[in-house]
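Data first, discussion second: the structure below is written as structure tokens.
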Amino acid sequence: MVSIKALNKWANAHTYYPLDLIRIGLGVFLFLKGINFISNSQILIDLIKPVQNWAGSMLVIHYVAPAHLIGGLLIVFGLLTRWAIAAQLPLLLGAILINFVGEMNTTNLITAIVIFLICVFFWFYGSGKHSVDYYLKMQQ
0 MVSIKALNKW ANAHTYYPLD LIRIGLGVFL FLKGINFISN SQILIDLIKP VQNWAGSMLV
60 IHYVAPAHLI GGLLIVFGLL TRWAIAAQLP LLLGAILINF VGEMNTTNLI TAIVIFLICV
120 FFWFYGSGKH SVDYYLKMQQ
């Protein structure tokens with residue numbers, strides 16, 4: 000099994016500015032989604048309506064916006080990127096699945112799938128050479 004150290008070595012050897020820009024764009028997108036959910040909580044309530052009778056729907060409401068806000072900032076700066084993305088993956092899976100349970104919105108479905116795939120990529124790739132993680136690692 001490939002260790003995290005081996006993945007980090009590969010990622011640092013194959014770091015490019017466009018990948019860093021995609022990571023930063025992903026973080027900004029997630030941060031703006033968090034702000035959107037806070038400012039328009041009715042949108043989140045409408046999204047969760049198909050599963051509102053299930054236990055934990057209130058937990059989801061209080062988890063989505065802070066996870067997007069904090070995770071988005073961490074991803075932008077490249078700090079604890081894998082952990083921040085690990086917190087985003089259940090949300091994105093929920094965003095994909097909610098389209099099949101409730102009303103199908105193809106734009107939201109495609110957006111959720113694309114963001115999910117980008118997150119999976121950065122979950123394996125890491126934050127890259129131009130990040131706070133790399134800077135702190137080099138200071139040791």
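When we follow numbering that gives the first Met the number 0, the leftmost residue of the sequence shown carries the number 0, and every step to the right adds one.
For glycine and all other residues, C-beta sits at the position ideal for the given N, C-alpha and C.
- The region 77-96 and the region 114-122 touch, with no fewer than 3 CB-CB distances between them shorter than 8 Å.
- Between Leu-29 and Gln-87, the C-beta gap is smaller than 8 Å, which places the two residues in contact.
- The residue among Tyr-15, Ile-3, Gly-24 and Lys-8 with its C-alpha nearest the C-alpha of Val-113 is Gly-24.
- Contact between Val-63 and Leu-31 is ruled out by a C-beta separation of about 13 Å, above the 8 Å threshold.
- Ile-84 is the residue among Gly-71, Ile-3, Ile-84 and Asn-98 whose C-alpha sits nearest the C-alpha of Leu-116.
- The C-alpha of Leu-108 is placed about 20 Å away from the C-alpha of Ser-40.
- In this structure, Ser-126 is the residue among Asn-104, Ser-126 and Met-137 with its C-alpha nearest to the C-alpha of Leu-6.
- Apart from sequence neighbours up to five positions away, the residues of its chain that approach Ala-111 with a beta-carbon distance below 7 Å are Leu-91, Ala-94 and Ile-95, ordered along the chain.
- Burial of Lys-128 is indicated by the presence of at least 16 other C-beta atoms within 10 angstroms of its C-beta.
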